[in-house]
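**Student:**
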Amino acid sequence: MTTSLRIAFLPLTDAAVLVAARERGFAEAEGIALDLVRTTSWATLRDRLVYGQVQAAHMLAPLAVAVTLGLSQQPAALAAPYKLNVNGNMLVMTCDFAAALEPDVAARLADPLGTAHDFAAAIGLWRRKPVIGVVHRFSSHAIMLRYWLASAGVDPDRDVVLRVLPPSLTVEAMQAGEIDGFIAGEPWGSAAVEAGLAEAVAIGERIWRRGVEKVLAFREAWAEENPDTVDRLLRALVRAAAWCDDTANHADLAGLLAAPAYVDQPADLIARALSGQIVARAGEAPIASPDFMLFAREATPFPWRSQALWIYSQLVRWGMVDHDPATVTKAAAVFRPDIFRRALADSDVPMPGASMKLEGAVGMPLAVGSRRGELTLGPDRFFDGRVFDPERIDEFLASFAPPR
Amino acid sequence: MRIVIIDDSGLRATVLEEGLREAGYDDIHIVPPRGAFVARLERMAPDVVLMDLGSPSRDTLEEMLIVSRALAKPIAMFVDQSDDAMIGAAIDAGVSAYVVDGLRKERVKPVLELAVRRFNAFAKMQSELDEARTALSDRKIIDRAKSILMNQRSLSEQDAYALLRSAAMNQGKKIVEVAQALITASELLGGGL
Numbered sequence: 001m002t003t004s005l006r007i008a009f010l011p012l013t014d015a016a017v018l019v020a021a022r023e024r025g026f027a028e029a030e031g032i033a034l035d036l037v038r039t040t041s042w043a044t045l046r047d048r049l050v051y052g053q054v055q056a057a058h059m060l061a062p063l064a065v066a067v068t069l070g071l072s073q074q075p076a077a078l079a080a081p082y083k084l085n086v087n088g089n090m091l092v093m094t095c096d097f098a099a100a101l102e103p104d105v106a107a108r109l110a111d112p113l114g115t116a117h118d119f120a121a122a123i124g125l126w127r128r129k130p131v132i133g134v135v136h137r138f139s140s141h142a143i144m145l146r147y148w149l150a151s152a153g154v155d156p157d158r159d160v161v162l163r164v165l166p167p168s169l170t171v172e173a174m175q176a177g178e179i180d181g182f183i184a185g186e187p188w189g190s191a192a193v194e195a196g197l198a199e200a201v202a203i204g205e206r207i208w209r210r211g212v213e214k215v216l217a218f219r220e221a222w223a224e225e226n227p228d229t230v231d232r233l234l235r236a237l238v239r240a241a242a243w244c245d246d247t248a249n250h251a252d253l254a255g256l257l258a259a260p261a262y263v264d265q266p267a268d269l270i271a272r273a274l275s276g277q278i279v280a281r282a283g284e285a286p287i288a289s290p291d292f293m294l295f296a297r298e299a300t301p302f303p304w305r306s307q308a309l310w311i312y313s314q315l316v317r318w319g320m321v322d323h324d325p326a327t328v329t330k331a332a333a334v335f336r337p338d339i340f341r342r343a344l345a346d347s348d349v350p351m352p353g354a355s356m357k358l359e360g361a362v363g364m365p366l367a368v369g370s371r372r373g374e375l376t377l378g379p380d381r382f383f384d385g386r387v388f389d390p391e392r393i394d395e396f397l398a399s400f401a402p403p404r
Numbered sequence: 405m406r407i408v409i410i411d412d413s414g415l416r417a418t419v420l421e422e423g424l425r426e427a428g429y430d431d432i433h434i435v436p437p438r439g440a441f442v443a444r445l446e447r448m449a450p451d452v453v454l455m456d457l458g459s460p461s462r463d464t465l466e467e468m469l470i471v472s473r474a475l476a477k478p479i480a481m482f483v484d485q486s487d488d489a490m491i492g493a494a495i496d497a498g499v500s501a502y503v504v505d506g507l508r509k510e511r512v513k514p515v516l517e518l519a520v521r522r523f524n525a526f527a528k529m530q531s532e533l534d535e536a537r538t539a540l541s542d543r544k545i546i547d548r549a550k551s552i553l554m555n556q557r558s559l560s561e562q563d564a565y566a567l568l569r570s571a572a573m574n575q576g577k578k579i580v581e582v583a584q585a586l587i588t589a590s591e592l593l594g595g596g597l
């Protein structure tokens with residue numbers, strides 16, 4: 001029996017696993033007919049999910065937490081049992097602004113702390129308060145940008161202007177001079193670099209080496225009522241993710257994503273993020289960033305509850321939600337490792353033994369306790385060396401000065 | 405009640421505005437979602453904002469609704485969350501509605517219903533127009549292919565068409581696809597018209 005499933009997505013490279021699941025037969029093999037619904041704003045993606053026009057969505061992880069906490073229009077309990085990728089973001093700034101930063105772009109990207117301080121110094125020299133595009137208030141991009149700027153003493157709500165605009169309009173807005181730079185998922189940063197409008201200033205992978213990015217979100221009630229369909233979809237996705245991670249398939253995958261029905265951008269731009277060959281300045285040789293965007297390895301799809309709580313900690317930090325124990329519980333419950341375990345119980349996917357971990361504590365690849373198979377976690381450090389202990393959120397919040 | 409329509413398609417916005425005016429609403433403004441549109445919107449202090457669900461600028465609008473200090477009252481999406489059928493119909497039609505806090509749902513519902521009807525009517529009109537355009541361009545392609553066959557194989561118009569049709573049937577394709585292939589092949593062989 002074939003089950004039809006509608007999943008909303010935004011035209012971004014990190015929709016790859018869903019696209020591969022549909023186009024390369026992984027969904028079909030699990031008896032699922034996937035209908036991928038292209039959407040151009042996060043608001044519309046959210047509405048289609050919350051009001052039941054689609055059964056699942058390719059969602060910004062912080063947005064899934066925010067919708068559940070009632071911070072983004074109609075509150076709805078969402079369940080995210082699967083991470084579609086980690087990493088994949090890039091901050092680009094107009095070439096004039098970037099001229100005030102380290103000129104060697106490879107060195108600039110390799111040293112986010114130094115670049116943050118250069119950036120802070122460049123703000124005062126710029127002709128206006130720098131206007132930086134972010135795709136959504138509740139995006140990993142916005143949260144990472146805030147974290148990075150604040151490390152150099154920049155108050156993201158006072159010293160710069162964060163302007164929300166959809167990824168597909170970022171390049172146009174650069175051209176019109178409405179923004180001085182932006183942070184977005186690929187291929188939009190690469191598109192601005194290629195157009196000669198901007199240079200890469202920071203990449204997500206260097207700010208948080210394993211940064212939580214998009215999740216597959218369901219309405220919690222729907223996921224509870226349809227466990228068999230959810231499980232089959234997750235099994236299809238882990239196979240699709242392994243296929244997406246395989247370098248042998250990157251050219252094919254970039255070609256699939258380039259189609260008008262998906263990202264609708266040139267395949268060679270899309271391939272940069274997949275292969276981790278990042279062109280930081282137009283015309284220069286690519287810089288190798290092998291962890292630029294991950295889909296499968298190191299149990300990437302596993303929804304660590306500690307990562308939902310890290311997101312929560314940042315929402316509290318920036319005054320977007322009040323800190324209280326009931327909200328902590330609600331935020332942590334958005335990520336659903338229990339569903340992931342159930343769905344993949346009989347598969348060969350290495351399964352972490354725990355559902356929470358310290359975030360930012362792994363410096364070198366580390367073999368960890370796994371219920372099955374070999375599981376190695378990649379380095380997951382934050383560039384400032386902080387470690388997030390999900391059991392000690394209060395201390396973590398207190399460590400950010402000045403308190404807001 | 406001040407209603408602002410944010411829409412990229414001038415035609416759809418006009419269709420909606422006309423409907424609202426006929427229904428007796430007279431404080432209606434159309435704002436295209438470009439440049440500093442949120443600043444304009446803020447100054448207008450609308451009671452209801454109607455926006456195309458497909459517009460990529462919805463995130464920009466919602467951010468303004470969160471951070472604006474100029475708006476006297478909060479504005480949130482839809483108004484009566486209990487009316488699932490209405491919200492479903494609005495989403496199907498591609499309408500999103502933001503309503504100022506405190507506006508009674510009896511006052512908003514007719515506006516939303518009207519917007520849904522007009523959006524649907526506009527979508528139908530658009531698809532009919534698209535169909536008509538496609539039909540016209542198909543006809544032109546088939547005519548060109550026919551005249552190639554008529555010239556090169558000395559066929560009558562009727563026979564040329566019959567040949568195209570049987571080729572299409574044999575290959576399981578549309579006539580227009582076969583016609584296009586014939587034109588392309590003819591151009592490559594330098595025997596075009």
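Protein sequence lines correspond, in order, to chains A and B.
For the record, in the first sequence the residue sitting at position 259 is 259 according to the numbering used here, with numbers rising by one throughout.
For the record, in the second sequence the residue sitting at position 107 is 511 according to the numbering used here, with numbers rising by one throughout.
Ideal Cβ positions, reconstructed from N, Cα and C, are used throughout, including at glycine.
1. Could you name the residues that DSSP lists as bridge partners for leucine 60 of chain A?
2. Strictly below 7 Å CB to CB, what residues from chain B border valine 164 of chain A?
3. Along the chain, where does the alpha helix (DSSP H) containing glutamate 102 of chain A start, and where does it finish?
4. Anything in chain B within Cβ reach of arginine 48 of chain A, meaning under 9 Å, just list it in chain order.
5. Taking a cut of 8 Å between CB atoms, which residues from the segment 127 to 145 of chain A lie near chain B?
6. If the cut-off is 9 Å on Cβ atoms, which residues from the segment 30 to 57 of chain A count as contacting chain B, listed in chain order?
7. CB of alanine 476 of chain B to nearest heavy atom of the ligand HEM: below 7 Å?
8. Which residues mark the beginning and the end of the beta strand (DSSP E) in which histidine 433 of chain B is found?
9. Any Cβ of chain B within less than 8 Å of the Cβ of serine 4 of chain A?
10. Mark leucine 257 of chain A as exposed unless 16 or more other C-beta atoms lie within 10 angstroms of its C-beta, in which case mark it buried.
11. If you scan the segment 125 to 153 of chain A from start to end, which runs of the alpha helix (DSSP H) of 4 or more residues do you find wholly inside it?
12. Looking at the structure shown, is tyrosine 565 of chain B part of a helix, part of a strand, or coil, going by DSSP?
13. Can you give me the start and stop residues for the beta strand (DSSP E) that glycine 385 of chain A sits inside?
14. Residues in its own chain within less than 7 Å of arginine 235 of chain A by CB, not counting five upstream and five downstream?
15. How would you call glutamate 561 of chain B, buried or exposed, if buried means at least 16 neighbouring beta carbons within 10 angstroms?
16. Could you work out which residue in A/Gly319, A/Phe302, A/Ala332 is closest to threonine 376 of chain A when comparing CA atoms only?
17. What residues from chain B crowd round serine 151 of chain A, counting only those whose CB sits closer than 8 Å?
18. Going by DSSP in three states, glutamate 426 of chain B sits in which element: helix, strand or coil?
19. By Cβ distance below 6 Å, which residues in the same chain neighbour proline 390 of chain A in space, the five residues on each side in sequence not counted?
20. Who does serine 4 of chain A pair with in a DSSP beta bridge?
21. Going by C-alpha to C-alpha distance, which of A/Thr3, A/His117, A/Gly153, A/Tyr147 sits closest to arginine 317 of chain A?
22. Less than 6 Å between C-beta atoms, sequence neighbours within five positions excluded: which residues of the same chain meet that for arginine 404 of chain A?
23. Answer yes or no: does any C-beta atom of chain B fall closer than 8 Å to that of leucine 169 of chain A?
24. Cβ of isoleucine 470 of chain B less than 8 Å from any chain C Cβ?
25. Beta carbons nearer than 8 Å to chain A: which residues of the segment 490 to 521 of chain B have them?
26. For a test of the three-state rule: what should DSSP assign to leucine 10 of chain A, helix, strand or coil?
27. Which residue from A/Ala21, A/Gln175, A/Ala152 puts its Cα closest to that of threonine 94 of chain A?
28. What would DSSP say about lysine 509 of chain B, mapped onto helix, strand or coil?
29. Spatial neighbours of leucine 366 of chain A within its chain, please: CB distance less than 7 Å, with the 5 preceding and 5 following residues excluded, ordered by chain position.
30. With 8 Å set as the bound, which would you pick, yes or no: does the beta-carbon of proline 460 of chain B sit closer than that to a beta-carbon of chain A?
31. Specify the secondary structure class of serine 370 of chain A as computed by DSSP and reduced to three states.
32. Classify serine 500 of chain B as helix, strand or coil using the three-state DSSP reduction.
33. Below 7 Å CB to CB, which residues in the same chain sit around asparagine 249 of chain A once its five sequence neighbours on both sides are set aside?
34. So, with DSSP's three-state summary, where would you put glutamine 575 of chain B?
35. Give me the residue from A/Arg281, A/Arg341, A/Glu284, A/Trp208 with the minimum Cα distance to methionine 293 of chain A.
**Tutor:** Considering the structure as presented:
1. A/Lys214
2. Asp463, Thr464, Glu467
3. Per DSSP, glutamate 102 of chain A belongs to no alpha helix (DSSP H) and is neither H nor E.
4. Leu457, Ile495
5. Val135, His136, Arg137
6. Thr39, Thr40, Ser41, Trp42, Ala43, Thr44, Asp47, Arg48, Tyr51, Gly52, Gln53
7. The ligand HEM is not part of the structure shown, which contains no ligands of any sort.
8. 432 to 435
9. no
10. buried
11. 140 to 151
12. helix
13. From DSSP, glycine 385 of chain A is part of no beta strand (DSSP E); its letter is neither H nor E.
14. Glu30, Ala343, Leu344, Ser347
15. exposed
16. A/Phe302
17. Those within 8 Å of serine 151 of chain A in chain B number zero; the least Cβ separation is about 24 Å.
18. helix
19. Ser306, Leu309, Met356
20. A/Ala33
21. A/Tyr147
22. Per-residue confidence for arginine 404 of chain A stands at a pLDDT of 45, beneath the threshold of 50, marking its modelled position as unreliable; the derived number appears in the next sentence. Closer than 6 Å at the Cβ level, and outside the excluded window around arginine 404 of chain A, lie Gly319.
23. yes
24. Absence of chain C from the displayed structure is noted, the protein chains being A and B.
25. Ile491, Gly492, Ile495, Asp496, Ser500
26. coil
27. A/Gln175
28. helix
29. Thr376, Leu377
30. yes
31. strand
32. strand
33. Trp243
34. helix
35. A/Trp208
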